[in-house]
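This is the structure in structure tokens:
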């Protein structure tokens, strides 16, 4: 449910709902043979462009966060490997025992 409120705050839910509703209205008008007002067609184009632009921006942000998270995990792994190597005694050097 937290995701819903986050998406609502970023107006993804609202723009998506508007895009779908307006698409259905324009499709209904086209199927019934009625004239589609220019303002409605322009609004549909603007809302769909905004919706997909916003999604693209969100995907780019998530990709950036994922890359940062992977780099952080890689750094932790490298540190863990280094610490493990430091704990292993050198059997070739008898003085190290």
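In the working numbering, the protein residues as written are -8 to 88.
Glycine included, each C-beta is placed from N, C-alpha and C at the ideal position.
Cβ-based burial, residue i [other Cβ within 10 Å; buried from 16]
i: residue 42; result: buried
i: residue 6; result: buried
i: residue 38; result: buried
Candidates the options: closest to residue i by CA position
i: residue 34; options: 13, 60, 74; result: 13
i: residue 9; options: 69, 59, 36, 49; result: 36
CB of residue i within 9 Å of CB of residue j, strictly
i: residue 11; j: residue 32; result: no
i: residue 27; j: residue 21; result: yes
**OP:** Just list the alpha helix (DSSP H) runs in the region -2 to 51, keeping only unbroken ones of 4 residues or longer that don't cross its boundaries, in chain order.
**Re:** 3 to 22
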